[in-house]
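Worksheet for the structure shown next.
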């Protein structure tokens, strides 16, 4: 059996996770991955320090966190304003920065094209700054996620007002809304999912879908599944949440894998 709970968080400070760099114009993600939410909302309880092989590191989240010891997982968190996952400009701001050679030696280099080749420009003064901008989500925006687990008690442990540290910039987030804990129902057929974090090649599981973010490592989308699938449905006051079997197969919790085999059999 699976249980789920909707969680609404607000960022207490500016939130920045660099999504792209157009020159020196850094844009920020307006979502948070499932892995980042697990690390934050469990307060790192199952983190296990390890030596990292920088050359051949498999980048497996379960090597860094013992998810099986605390079997709870999260759908990607999406910043939402006026019901839309596309934040308006009013919810974002941009700050300017500059650095100089004495702090960041690499900025002392400049390059130019000469006859189709890139060459280093010589004798650039060390005091010449490099300028740029960096975007952030303004404070007091709403981030919505869903937590699910085969253990109801793990979901019941959340309470309004709890605070967590999230992201590389260690931004404080606070729970401002919680649904009741909902028991999932096993079903089969077509279903329309919530926002799921999936490998980039998983679009073929859907007959139609909407993308909110895409990277080389994952894609965050929601859509209607292609044909009949086994899935778990949770009924919330504002609508239902569907988790199809091909998504549950990716969740790093053994108890969820066993549950998936049972509903698919």
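Residue numbers (the working numbering): 46 to 310. By construction, the Cβ of each residue, glycine as well, lies at the ideal position given by its N, Cα and C atoms.
Comparing alpha-carbon positions, the option among 119, 178, 122 lying closest to residue 138 turns out to be 178.
Contact between residue 126 and residue 212 is ruled out by a C-beta separation of about 19 Å, above the 8 Å threshold. Distance from the CA of residue 198 to the CA of residue 224, rounded to the nearest whole angstrom, comes to 14 Å. If the five residues before and after residue 196 are omitted, its C-beta is found closer than 7 Å to the C-beta atoms of 116, all from its own chain and listed in chain order.
Shortest Cα-Cα distance from residue 281 to any of 266, 64, 228, 183 involves 228. Contact annotation, residue 181 with residue 59: C-beta distance approximately 4 Å; criterion of less than 8 Å satisfied.
Contact between the region 240-256 and the region 49-65 is absent, with fewer than three C-beta pairs closer than 8 Å. Contact check between the region 284-300 and the region 110-124: three or more CB pairs, one atom from each, fall below 8 Å, which counts as touching.
Under the DSSP assignment, residue 275 falls in the beta strand (DSSP E) whose first and last residues are 274-281. Taking 8 Å as the cut-off, the Cβ atoms of residue 192 and residue 49 count as close.
Two segments are said to touch when three or more pairs of C-beta atoms, one from each, lie closer than 8 Å; by this definition the region 203-220 does not touch the region 230-245.
The C-beta distance from residue 190 to residue 298 rounds to 16 Å, too long to fall under 8 Å, and the pair is not in contact. Residue 241 has its alpha-carbon roughly 14 Å from the corresponding atom of residue 260.
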